[in-house]
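Student: Taking full-length UniProt numbering, the leading residue of the sequence shown gets 1, the next gets one more, and so forth.
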Amino acid sequence: MNVVGCSSTGSSCVALHKKSPWDGKFISYVDSSWNNLRALRSSDCMGRILKNGGFSYTKSSPKTGPMQVLCMDYPRPELENTVNFLEAAKLSSSFRDCIRPTKPLEVVIAGAGLAGLSTAKYLADAGHKPILLEARDVLGGKIAAWKDKDGDWYETGLHIF
Numbered sequence: 001m002n003v004v005g006c007s008s009t010g011s012s013c014v015a016l017h018k019k020s021p022w023d024g025k026f027i028s029y030v031d032s033s034w035n036n037l038r039a040l041r042s043s044d045c046m047g048r049i050l051k052n053g054g055f056s057y058t059k060s061s062p063k064t065g066p067m068q069v070l071c072m073d074y075p076r077p078e079l080e081n082t083v084n085f086l087e088a089a090k091l092s093s094s095f096r097d098c099i100r101p102t103k104p105l106e107v108v109i110a111g112a113g114l115a116g117l118s119t120a121k122y123l124a125d126a127g128h129k130p131i132l133l134e135a136r137d138v139l140g141g142k143i144a145a146w147k148d149k150d151g152d153w154y155e156t157g158l159h160i161f
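(1) Between 119, 108, 67 and 111, which has its C-alpha nearest residue 92's C-alpha?
(2) In the DSSP assignment, the alpha helix (DSSP H) including residue 166 goes from what residue to what residue?
(3) Can you tell me the Cα-Cα spacing of residue 113 and residue 156, whole angstroms?
(4) What is the residue span of the beta strand (DSSP E) that residue 107 lies within?
(5) Can you tell me whether residue 75 is buried or exposed? The criterion is at least 16 other CB atoms within 10 Å of its CB, across all chains shown.
(6) Hey, residue 144 and residue 153: beta-carbon distance below 8 Å or not?
(7) What residue from 132, 130 and 125 has the CA that sits closest to residue 89's CA?
(8) Quick one, which of 108, 79 and 151 has its alpha-carbon nearest residue 128's?
(9) What distance in whole Å lies between the Cβ atoms of residue 115 and residue 133, which are believed to be in contact at a cut-off of 8 Å?
(10) Taking residue 117 as the reference, give the member of 148, 78, 85 and 142 with the closest Cα.
(11) Could you check if residue 70 is buried or exposed, using at least 16 other CB atoms within 10 Å of its CB as the buried criterion?
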């Protein structure tokens, strides 16, 4: 989603942003037309415009009014017609349609990460009884969300791999 916004402040502002998430340098510029928030390069990098009372390049007139946000939504891609989705659906249906074992196996799976959860799902589809073991009290392995003592959530996701 592309987000572009502006709000009212009254003095000139300096925008700080990075060219990329890996770039250690900030680029600053004065923006007198938008005083608070700007999205850069299709929202890959969001810049926050800060007031700087120490210096001023131009003075903008005080603007009043509510913050305006313009959003652009992209249509959902057709994931159901991709090769990966079709192959996974065929594999799942083959397990559901196969002959069930007369005595289902109890299979122990160590770890409730992505691989453990998907293995348990396929074994259950095939008629077996998976037993999922996890050392922590959270499912998902490295893909999880954590709540700290202040109530803030921290997500660990695929970006860490």
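All C-beta atoms in this analysis are idealised placements derived from N, C-alpha and C, irrespective of residue type, glycine included.
The model shown is predicted, which means the values in this text are computed figures rather than measured ones.
Tutor: Checking against the coordinates, here is how it stands:
(1) Nearest to residue 92 by C-alpha distance, out of 119, 108, 67 and 111, is 119.
(2) In the structure as shown, the chain begins at 1 and stops at 161. Residue 166 is therefore absent and cannot be evaluated.
(3) Going by the C-alpha atoms only, they are around 12 Å apart.
(4) In the DSSP assignment, residue 107 falls within the beta strand (DSSP E) that extends over 106–110.
(5) Around the CB of residue 75, fewer than 16 other CB atoms lie within 10 Å, so the residue is classed as exposed.
(6) Not a contact, by the Cβ cut-off of 8 Å.
(7) It is 125.
(8) Here the closest residue by C-alpha is 108.
(9) Rounded, the Cβ-Cβ distance is 13 Å, inconsistent with contact.
(10) For residue 117, the closest of 148, 78, 85 and 142 by C-alpha to C-alpha distance is 142.
(11) Per the 10 Å Cβ criterion, exposed.
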